[in-house]
Amino acid sequence: MKTRLCILLALLITALAALLQMTACGSKDAATRQSSSPIIIPPRSSELSGVPFGLDDMPSRPDEELWVIKGSGGVSAKSPPPLSSGVTSIRSATTQPVEGIRPQQNDEPVPTSGTLVVQQDKKMIPVPLKHTAVKAAINAYISSVTVTQQFQNPYSEKIEAVYVFPLPDNAGINEFVMTIGDRHIRGIIREREQAEKIYAEARHQGYVASLMTQERPNIFTQKVANIEPGKKIDIQIRYFQTLRYQDGWYEWAFPMVVGPRYNPAGTADGVGAMPRGSAASGQKTDVHYLAPNERSGHDISLEVDLNAGVTIESLVSVNHQIRRQPRGESHTLVQLDPKDSIPNKDFVLRYQVAGATVKSALIVQSDPQGGKGGGGYFTLMLVPPENLKNLPRRAVEMVFVMDTSGSMSGEPITQAKSAVRVALGKMQPADTFQIVNFASSASQMSPSPLSASQENRHAAAQYVNSLCEGGGTEMLQGINKALDFPHDENRTRVVAFLTDGYIGNELEILRGLHDKLADSRVFSFGVGSSTNRYLLNSMATIGNGAAAYLALKDDPEPVMQSYFERISHPALTNLDVRFQGMNVKDVYPRKIPDLFVGQPVILTGRFDGSPRGSVTVSGKVGNEKLHFDMALAENNTSADAGIRTVWARTKIADLGDEFIRTGRDVTGDIRNTAIEYGLMSQYTAFIAVDSLTRTTGEHGTTVNVPVPMPDGVRYDTTVAPGGDK
Amino acid sequence: MKRPVARTLSLSCFIMVLAFAAAVVAHGQSAPRSDVQAVRFESVDVFLDSSTHKLAAYQFELFATGGHAEIVGLEGGEHKAFAHAPYYDPAALQGDRVIVAAYSIDAELPTGKTRVARIHMQITGAEVPEYQIKIMETLGPGGEKIAVTAESR
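First to last, the protein sequences are chains Z and S. The opening residue of the first sequence carries number 24 in the working numbering; numbering runs sequentially from there. The opening residue of the second sequence carries number 289 in the working numbering; numbering runs sequentially from there.
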């Protein structure tokens, strides 16, 4: 009996000791994940005998974790095998356990997986996406962009790579090509469900396959199945888009990372923000983020071939360092500086062309299926008449709505506060104002709008300064607060929304905005380095206003000055556009947006016959009618491709707006348009299967490509366990 | 006498259970295999023979008779001039028609018989589809029409 008791006691002690050791390992691991400085583990003298050696030369065993300190002299130390397995770092990058997977040693300088490389105070995390190459060509106000994603399997077993990435919300994506070695396989557009089934079957049977789906108009998922160890697969996407033109500047933007979204309770089809390696969030789409002390080997190169057609007077890159190679007065090549190749902020290129204002311009493309009768597609940039600037505005009831959620913490909220203070200084005595702020709940400065007296504006500036950031992004509460109080009939209500737009319930927000809008106008300001432009542009469209963007490095003064310039003159409303001498049909958007000073509108449509004649635009300014004519010069005709795609993409966006405004089921219309024009949409997807490349064994481990946090956004308030998202 | 009978019965039961388990396992293994046969992937190579003429552009329609075949990828040909993935008509795809086209402005263009495209298909069902090619257009470098013969395999 005594002996049994002793044995039991011994077993209990051993179990307790093991448990204690496990806890200690866990804390060490957690500490390591959070650490932002390199950890140096003394080398074993026996293993240093072969120095110098490079990363590729370093042997790694499945049970080994390597810590490398890279200094000016390269690799300096190699550790003994630590307690935790080398698999740890891989497991944390996947959604399923990947026991036994270890790095592939090959000729390519890929990071050795199963190892942790410390480089410039950051741990290098091996990921299956090695590089993204972006090449854009801008002609007039239309750009054609090719994005190549270079996937490579750095592990010792085959994998499925999953990458959630952004593209511009108005991108008409009409080309998808998978390249394996020197073989190019064009992806086929299919109904989404059908494409997903084909992909699942090909993946299950071991075929190399890829699938691209749309989660939001500006968020996409790329899946590449059955990538064998060391193998490379490139995915090339091409899209067309129209450029923004605002306040004398053209703007071309390329988003590089999806910001961490907040999903209010009850949201299931949102976009989850998860730490790298964590389990699924329960949302339809998940973005996995690298911790602040980590970075992946994924980098980006970007090149813009800008052919403005007229002299380029000035050009700036808002967020990135660039290299510029002029090729004439109207033509220049812009390249992203390789030193600035981490994909963690939007690339924003702005340029001004010769002449005080841009002229209304028509670009046409003949329809290859139009037959002998001609016909084709056009885009028309409708520029506001100059005399709009001479008209004074009514007094306004200005409502500033500030997002003070966790994702705005730090630089974004500082920038938003500066912008509101600048705007307060520009208000006129007859105006009134209110300040609403929202995070997990919404509150306001005063029970009712205040007159814009100097005293009140001073108090408002102090209120803005006192706002603290943190918490969720209950944007709907902010909208309700801003639009629910009684409307002052003597003033135009203008709502200025300052946010990064990091929410996952866009549709709910847009519907809520539409339902409450009445006569108000909404101007959205995207604050930050990687804002949700789909939400911000859509809010402006639904809100009969305009969107503007305030990057972290922007000076808020000119941005708010332009905004006040826009609201300081009445808009041209109830627009009607008539084409004389040109048989035009199917013009989108069907509800032509109001014209503001400094804010042209782009229309796109189809025509029969030849594109000649003139355009008459009529509208109302207050209660007065206004007409102006524009001649359509023949030399505006262009044979460039892309207008057809732009037309179909605009039609899809217009159908989406119709759904928000009316609730009509537009699924079939969107799907049919997308398939007919070979376009990506919410209801279609690109599928490519290589039926010649069948791999052996199971389909492999799914590896989510982790992405860096957007520049200026805090990980601890958004993604980290306990963060606000 | 009772004990050997009981032992025999026990053994019989054990064998039956084992056989049943084996059958279940075998069934479990064969089920996915039949799924695999129900849906499979294959490729169709399309060859054009322009004899002595240089081939600069083509457009053809692919027909599949028997079986349910769906296009899941479109690959380029063997000659450098047509190595890039050809284009397809998405509108035609809505009507279950596969129309494929490509052109090349390369100085060096193929003559004679060349594989111009490889079409990746998903086949559903046990029936084996047969493919036919209907040439819609074939052009030389000057835009002149040229005669070709087509073959698929």
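C-beta atoms are modelled at their ideal positions from N, C-alpha and C, and glycine is treated no differently.
Margin query: Residues of chain S with CB closer than 8 Å to the CB of valine 712 of chain Z, please, in chain order.
Written below: Sequence index remark: in the first sequence, residue 712 of chain Z carries index 689 (1-based). Under the 8 Å cutoff, chain S gives Phe329, Val360, Gly361, His408 and Gln410.
Check: For phenylalanine 587 of chain Z, which three-state DSSP category applies?
Finding: The residue labelled residue 587 of chain Z in the question sits at position 564 within the first sequence. The answer is helix: DSSP assigns phenylalanine 587 of chain Z an H, G or I state.
Item checked: beta strand (DSSP E) runs contained entirely in the region 587-633 of chain Z, provided each spans 3 or more residues -> 596-603, 606-611 and 624-631
Notebook entry, point to check: Which whole-angstrom value describes the C-beta separation of valine 536 of chain Z and valine 545 of chain Z, a residue pair presumed to lie in contact below a C-beta threshold of 8 Å?
Noted result: As a first step, residue 536 of chain Z must be located in the first sequence, where it is residue number 513. As a first step, residue 545 of chain Z must be located in the first sequence, where it is residue number 522. Note that residue 536 of chain Z corresponds to leucine in the displayed sequence, not to valine. So it is a contact: roughly 7 Å between Cβ atoms.
Item checked: Cutoff 7 Å; reference threonine 707 of chain Z; Cβ partners in own chain excluding five residues on either side -> As a position in the first sequence, residue 707 of chain Z is number 684, starting the count at 1. Correct list, in chain order: Ile212, Arg213, Glu214, Arg215, Arg694, Ala697 and Ile698.
Check: Is tyrosine 376 of chain S close to chain Z, meaning its C-beta is less than 8 Å from at least one C-beta of that chain?
Finding: The residue you call residue 376 of chain S lines up with position 88 of the second sequence. Closer than 8 Å to some Cβ of chain Z, the Cβ of tyrosine 376 of chain S qualifies, so yes.
Margin query: If contact is defined by three or more beta carbon pairs under 8 Å, each pair taking one atom from either stretch, is the region 354-374 of chain Z in contact with the region 589-602 of chain Z?
Written below: no
Margin query: Suppose only complete runs of 3+ residues qualify. What are the beta strand (DSSP E) ranges in the region 534-570 of chain Z, listed by chain order?
Written below: Runs found: 544-550.
Notebook entry, point to check: In chain Z, which residues lie less than 8 Å from alanine 373 of chain S when you measure between Cβ atoms?
Noted result: Looking up residue 373 of chain S in the second sequence gives position 85. Those are Val200, His207, Ile208 and Arg209, listed as they occur along chain Z.
Next item on the list: State the start and end residues of the unbroken alpha helix (DSSP H) segment that holds arginine 215 of chain Z.
Entry: Numbered from 1 along the first sequence, position 192 holds the residue referred to as residue 215 of chain Z. Its alpha helix (DSSP H) spans residues 215-227.
Margin query: So with CB distances below 8 Å, who are the chain S contacts of tyrosine 230 of chain Z?
Written below: For the purposes of this step, residue 230 of chain Z is taken as residue 207 along the first sequence, with counting starting at 1. Taking the beta carbon of tyrosine 230 of chain Z as reference, the chain S residues within 8 Å of it are Phe329, listed in sequence order.
Checklist line | Under 8 Å between C-beta atoms of methionine 279 of chain Z and lysine 368 of chain Z | finding: Translated into the one-based positions of the first sequence, residue 279 of chain Z becomes position 256. Translated into the one-based positions of the first sequence, residue 368 of chain Z becomes position 345. Result yes, Cβ atoms of methionine 279 of chain Z and lysine 368 of chain Z sit closer than 8 Å.
Notebook entry, point to check: Nearest to isoleucine 323 of chain Z by CA position, among Z:Arg261, Z:His343, Z:Thr515 and Z:Ala225, is which residue?
Noted result: In the first sequence, counting from the first residue as 1, residue 323 of chain Z sits at position 300. Out of Z:Arg261, Z:His343, Z:Thr515 and Z:Ala225, Z:His343 has the C-alpha closest to the C-alpha of isoleucine 323 of chain Z.
Note to self: Applying the 10 Å Cβ sphere with the 16-neighbour rule, what's the burial state of asparagine 176 of chain Z?
What the structure shows: Counting from 1 along the first sequence, the entry for residue 176 of chain Z is found at position 153. Under the 10 Å beta carbon count, asparagine 176 of chain Z is surrounded by 16 or more other beta carbons and is classified as buried.
Item checked: Environment of serine 115 of chain Z [buried if 16+ CB atoms lie within 10 Å] -> To locate residue 115 of chain Z, count along the first sequence from 1; it is residue 92. Model confidence at serine 115 of chain Z stands at a pLDDT of 29, short of 50, so the residue's coordinates are unreliable; what they give is reported in the following sentence. By the neighbour-count rule (16 or more Cβ atoms within 10 Å), serine 115 of chain Z is buried.
Item checked: Whole-angstrom distance between methionine 583 of chain Z and lysine 146 of chain Z, CA atom to CA atom -> Taking the first residue of the first sequence as position 1, residue 146 of chain Z is located at position 123. Taking the first residue of the first sequence as position 1, residue 583 of chain Z is located at position 560. Between lysine 146 of chain Z and methionine 583 of chain Z, the C-alpha separation is close to 40 Å.
Check: To which residues of the same chain is glycine 361 of chain S closer than 8 Å at the C-beta, ignoring the five residues directly before and after it?
Finding: As a position in the second sequence, residue 361 of chain S is number 73, starting the count at 1. These residues qualify, in order along the chain: Ile407 and His408.
Margin query: Any beta carbon from chain Z within less than 8 Å of serine 318 of chain S's own beta carbon?
Written below: Translated into positions along the second sequence, residue 318 of chain S becomes position 30. Only weak support is given to the placement of serine 318 of chain S: the predicted model assigns it a pLDDT of 36, under 50, and the question is left unresolved by the model.
Notebook entry, point to check: In three-state DSSP terms, what is phenylalanine 461 of chain Z?
Noted result: The count along the first sequence starts at 1 and reaches residue 461 of chain Z at position 438. Correct three-state label for phenylalanine 461 of chain Z: strand.
Notebook entry, point to check: Roughly how many angstroms lie between the CA atoms of proline 149 of chain Z and alanine 276 of chain Z, to the nearest whole one?
Noted result: Position 126 of the first sequence, counting from 1, holds the residue named residue 149 of chain Z. Position 253 of the first sequence, counting from 1, holds the residue named residue 276 of chain Z. Cα to Cα, proline 149 of chain Z sits roughly 28 Å from alanine 276 of chain Z.
Next item on the list: State buried or exposed for valine 324 of chain S, treating a residue as buried only when at least 16 other CB atoms are found within 10 Å of its CB.
Entry: Translated into positions along the second sequence, residue 324 of chain S becomes position 36. With a pLDDT of 43 at valine 324 of chain S, under the threshold of 50, the modelled position of that residue is not reliable, and the figure given next carries that caveat. Exposed.
Margin query: Any beta carbon from chain Z within less than 8 Å of leucine 350 of chain S's own beta carbon?
Written below: Here residue 350 of chain S refers to the residue found at position 62 when the second sequence is read from its first residue. No, because no Cβ of chain Z sits closer than 8 Å to the Cβ of leucine 350 of chain S.
Note to self: Within 10 Å of its beta-carbon, does valine 416 of chain S have 16 or more other beta-carbons around it, so buried, or fewer, so exposed?
What the structure shows: Residue mapping note: residue 416 of chain S aligns to position 128 of the second sequence, counting from 1. Flag for valine 416 of chain S reads exposed.
Next item on the list: Please classify valine 333 of chain Z: is it buried, with 16 or more other beta-carbons within 10 angstroms of its beta-carbon, or exposed?
Entry: Here residue 333 of chain Z corresponds to residue number 310 of the first sequence, with the count starting at 1. Classification for valine 333 of chain Z: exposed.
Next item on the list: Run down chain S in chain order and give the residues with a C-beta less than 9 Å from the C-beta of tyrosine 700 of chain Z.
Entry: Along the first sequence, one-based indexing puts residue 700 of chain Z at 677. One finds Pro378 and Ala379 in chain S with Cβ atoms closer than 9 Å to the Cβ of tyrosine 700 of chain Z, taken in chain order.
Check: Along the chain, where does the alpha helix (DSSP H) that runs through aspartate 507 of chain Z open and close?
Finding: For this step, residue 507 of chain Z is matched to residue 484 along the first sequence. Counted as a single uninterrupted DSSP element, the alpha helix (DSSP H) harbouring aspartate 507 of chain Z occupies residues 498-507.
Notebook entry, point to check: Does the beta carbon of leucine 715 of chain Z come closer than 8 Å to any beta carbon on chain S?
Noted result: Looking up residue 715 of chain Z in the first sequence gives position 692. Closer than 8 Å: yes.
Note to self: Please list, in chain order, the chain S residues whose beta carbon lies closer than 7 Å to that of isoleucine 212 of chain Z.
What the structure shows: One-based indexing of the first sequence puts residue 212 of chain Z at position 189. At a C-beta separation below 7 Å, isoleucine 212 of chain Z has these neighbours in chain S: Pro378.
Notebook entry, point to check: Based on the DSSP secondary-structure assignment, which residues constitute the bridge partners of glycine 397 of chain Z?
Noted result: Along the first sequence, one-based indexing puts residue 397 of chain Z at 374. Its beta-bridge partners are Z:Gly632.
Notebook entry, point to check: Can you give, in chain order, each stretch of the beta strand (DSSP E) that sits fully within the region 412-479 of chain Z and has at least 3 residues?
Noted result: 419-426, 455-461 and 465-467
Margin query: Using only the alpha-carbon positions, how far apart do phenylalanine 335 of chain S and phenylalanine 351 of chain S sit?
Written below: Looking up residue 335 of chain S in the second sequence gives position 47. Looking up residue 351 of chain S in the second sequence gives position 63. When rounded, the distance between both Cα atoms is 15 Å.
Check: From Z:Arg318, Z:Val518 and Z:Leu372, pick the residue whose C-alpha is nearest to that of serine 543 of chain Z; which is it?
Finding: One-based indexing of the first sequence puts residue 543 of chain Z at position 520. Closest by alpha carbon: Z:Val518.
Next item on the list: Please check if any C-beta of chain Z sits within less than 8 Å of the C-beta of glutamine 347 of chain S.
Entry: Taking the first residue of the second sequence as 1, we reach residue 347 of chain S at position 59. It does not; no Cβ of chain Z falls within 8 Å.
Next item on the list: Give me whichever residues DSSP pairs with glutamine 348 of chain Z in a beta bridge.
Entry: To locate residue 348 of chain Z, count along the first sequence from 1; it is residue 325. Looking at the DSSP assignment, glutamine 348 of chain Z forms a beta bridge with Z:Leu356.
Next item on the list: Whole angstroms is fine: what's the gap from arginine 667 of chain Z's alpha carbon to phenylalanine 630 of chain Z's?
Entry: Within the first sequence, numbered from 1, the residue matching residue 667 of chain Z stands at position 644. Within the first sequence, numbered from 1, the residue matching residue 630 of chain Z stands at position 607. Cα-Cα distance, rounded: 11 Å.
Check: Should lysine 674 of chain Z be labelled buried (16 or more other beta-carbon atoms within 10 Å of its own) or exposed?
Finding: Here residue 674 of chain Z corresponds to residue number 651 of the first sequence, with the count starting at 1. By the neighbour-count rule (16 or more Cβ atoms within 10 Å), lysine 674 of chain Z is buried.
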